[in-house]
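Single-structure report; data block below.
Have a look at this one:
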């Protein structure tokens, strides 16, 4: 049974995801800072390669540190939730994995099922959007929505109906008469859902069902 998500709950979920992403950035920052120390001129003169080359790497690493320091969490970032097996990532209380390989909707679903899951059916839609936007940037991803059984009757792979408020403007429109699979559109526009031709190959999001 899914709990209806209010705008306030979705905002809270998105804030939590911001902290999850921030924690990953902080780990990278700590590793990079350690690398700066190892590549300092003093270390270079102690036999760790040629000083000029090591110094150049140190300069690049310091620049990387400067690019990361703006994104530091102000409180413990990881929320309570399930343990997510590799390669899934926890987003609030669900586990997702975004594939960069482009497949058709049915091929993507087959891959997700082989990973112990299915195409994504997020409870916290805008938390997932925040995570994807900050991790992958703009783009399109297959998720687990379809009206292949009955035209115009959109539902998730579990059978749960889609929330109509999340469709892009004037969607679904079934352009060409064969748009029966759901994609998430990652852009600045607040609405996310678009109907698309199922045979198009694009990235996709799996959700762990264990």
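In the working numbering, the protein residues as written are -5 to 204. Just so it is clear, CB atoms sit at the ideal spot from N, CA and C, and this is done for glycine as well. Treat the numbers as computed from the prediction; the structure is a model and nothing was measured.
Identify, in the order they occur along the chain, each residue of the same chain with its Cβ nearer than 6 Å to the Cβ of residue i, setting aside the five sequence neighbours on each side.
i: residue 116; result: 122
i: residue 109; result: 200
i: residue 166; result: 189
i: residue 193; result: 98
Could you pull out every residue in the same chain whose Cβ sits closer than 7 Å to the Cβ of residue i, ignoring the five residues on either side in sequence?
i: residue 190; result: 173, 175 and 177
i: residue 43; result: With a pLDDT of 36 at residue 43, under the threshold of 50, the modelled position of this residue cannot be trusted, and the question is left open.
i: residue 92; result: 126, 130, 135, 197 and 199
i: residue 243; result: The question about residue 243 has no answer here: the residues shown for the chain are numbered -5 through 204.
Does residue i come out as helix, strand or coil in the three-state DSSP assignment?
i: residue 103; result: helix
i: residue 126; result: helix
i: residue 114; result: coil
i: residue 119; result: helix
i: residue 108; result: helix
i: residue 176; result: strand
i: residue 160; result: helix
i: residue 171; result: helix
i: residue 194; result: coil
i: residue 200; result: strand
i: residue 189; result: strand
Classify residue i: buried if its beta carbon has 16 or more other beta carbons within 10 angstroms, exposed otherwise.
i: residue 85; result: buried
i: residue 129; result: exposed
i: residue 204; result: exposed
i: residue 142; result: exposed
i: residue 32; result: In this prediction, residue 32 scores a pLDDT of 44, lower than 50, which makes its location untrustworthy; no coordinate-derived value is stated.
i: residue 144; result: exposed
How long is the line joining the alpha carbons of residue i and residue j, rounded to whole angstroms?
i: residue 113; j: residue 102; result: 7 Å
i: residue 81; j: residue 107; result: 14 Å
i: residue 156; j: residue 111; result: 19 Å
i: residue 105; j: residue 187; result: 22 Å
i: residue 207; j: residue 202; result: The structure shown does not extend to residue 207, since the chain spans only -5 to 204, so no value can be given for it.
i: residue 169; j: residue 119; result: 25 Å
i: residue 97; j: residue 138; result: 14 Å
i: residue 151; j: residue 99; result: 12 Å
i: residue 158; j: residue 180; result: 18 Å
i: residue 88; j: residue 77; result: 9 Å
i: residue 161; j: residue 148; result: 11 Å
i: residue 90; j: residue 83; result: 5 Å
i: residue 146; j: residue 140; result: 9 Å
Comparing the CB of residue i with every heavy atom of the ligand MN, is any distance shorter than 6 Å?
i: residue 175; result: Judged by which ligands are present, the structure shown has none, so any question about the ligand MN falls away.
message: Under 8 Å: do the segment 194 to 201 and the segment 129 to 142 share three or more Cβ pairs, one atom per stretch?
response: yes
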